[in-house]
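Those sequence lines, one after another, are chains A and B.
Residues 1 to 111, numbered by the numbering used here, are exactly what the first sequence covers, in order.
Residues 112 to 226, numbered by the numbering used here, are exactly what the second sequence covers, in order.
We treat Cβ as the ideally placed atom computed from N, Cα and C, and that holds for glycine.
Beneath this line is the structure, given in structure tokens, with notes to follow.
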Amino acid sequence: SQELEQSPQSLIVQEGKNLTINCTSSKTLYGLYWYKQKYGEGLIFLMMLQKGGEEKSHEKITAKLDEKKQQSSLHITASQPSHAGIYLCGADPSNTGKLIFGQGTTLQVKP
Amino acid sequence: NAGVTQTPKFQVLKTGQSMTLQCAQDMNHEYMSWYRQDPGMGLRLIHYSVGAGITDQGEVPNGYNVSRSTTEDFPLRLLSAAPSQTSVYFCASSFLTSGPGGELFFGEGSRLTVL
């Protein structure tokens with residue numbers, strides 16, 4: 001099983017709708033990354049969270065690391081077609097430098 | 112500033128051939144890693160390094176070798192390519208502190224096809 005589980009695996013939303021993607025670990029997270037990838041392209045850094053309860057925003061995307069530091073959520077407000085792509089969470093659950101990623105969430109936004 | 116540079120961008124191999132994917136970074140990052148990306152599988156860690164002379168296995172190391180003789184370079188070697196190694200490969204680097212040390216910078220990816 002994956003050390004980092006993302007849900008849902010895929011998501012189709014109507015433009016303008018809000019959505020949330022979750023990333024869950026069975027171990028305490030010592031930091032968590034969110035990346036976005038457009039189809040067939042490289043990875044774009046969105047944000048990094050390090051402290052329990054920390055919340056960061058970038059344009060219409062907000063990410064939070066929960067108090068127990070075992071789950072992070074990524075929330076998109078008023079989705080746009082430009083938000084479409086694959087969202088990946090990454091972390092080092094063992095705190096050894098072994099940075100792993102979840103299986104990704106594919107987002108489609110219908111105009 | 113070049114960032115993380117991967118070569119080649121595309122490669123086709125026959126089963127059993129060997130090759131090396133090159134990765135270089137010019138940001139003086141201690142941490143470097145290789146991932147492969149397959150549909151529905153996200154990014155899977157192959158090998159990683161926390162500094163020159165130090166390497167360790169990731170989630171899917173079989174069939175791949177790495178070395179880290181300098182801070183800048185982290186080549187990934189396929190000794191005998193197999194069709195299961197058809198994938199897109201990404202190299203990444205970052206500064207290293209306790210836990211993730213900041214943004215993980217990715218190369219543009221290398222698309223490998225093994226026939």
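Take GLY31(A) and list the residues in its own chain whose beta-carbon comes closer than 8 Å to its own, dropping the five residues that flank it on each side.
-> Numbered from 1 along the first sequence, position 31 holds the residue referred to as residue 31(A). Answer for GLY31(A): MET48, LEU49, GLN50, ALA91, ASP92, listed in chain order.
If the cut is a Cβ gap below 7 Å, which residues of chain B does ILE100(A) touch?
-> Here residue 100(A) is taken as the residue at index 100 of the first sequence, counted from 1. Within chain B, the residues near ILE100(A) are LEU156, GLU170.
Ignoring anything shorter than 4 residues or poking outside the stretch 118–178 of chain B, list the alpha helix (DSSP H) runs there in chain order.
-> none
THR166(B) versus SER221(B) - alpha carbon distance = Locating residue 166(B) in the second sequence gives position 55, counting from the first residue. Locating residue 221(B) in the second sequence gives position 110, counting from the first residue. Cα to Cα, THR166(B) sits roughly 21 Å from SER221(B).
8 Å Cβ cutoff, LEU43(A) in contact with chain B = Translated into positions along the first sequence, residue 43(A) becomes position 43. Yes, because at least one Cβ of chain B sits closer than 8 Å to the Cβ of LEU43(A).
Ignore the nearest five residues each way along the sequence and tell me which others in SER198(B)'s own chain have a CB closer than 7 Å to its CB.
-> Counted from its first residue, the second sequence places residue 198(B) at position 87. ARG147, GLN148, ASP149, LEU223, listed in sequence order.
Let me know the secondary structure DSSP gives GLN108(A) once reduced to three states.
-> On the first sequence, position 108 is the one that residue 108(A) refers to. Note: GLN108(A) maps to strand in three-state DSSP.
Taking Cβ positions only, does LEU65(A) come closer than 8 Å to chain B?
-> For the purposes of this step, residue 65(A) is taken as the residue at position 65 of the first sequence. By this cut-off, LEU65(A) is not an interface position.
Skipping 5 residues on each side, what residues in its chain have a beta carbon closer than 6 Å to that of GLY210(B)?
-> The residue given as residue 210(B) occupies position 99 in the second sequence. Confidence is the limiting factor: at GLY210(B) the pLDDT is only 45, short of 50, which leaves the residue's position unreliable and the question unanswerable from this model.
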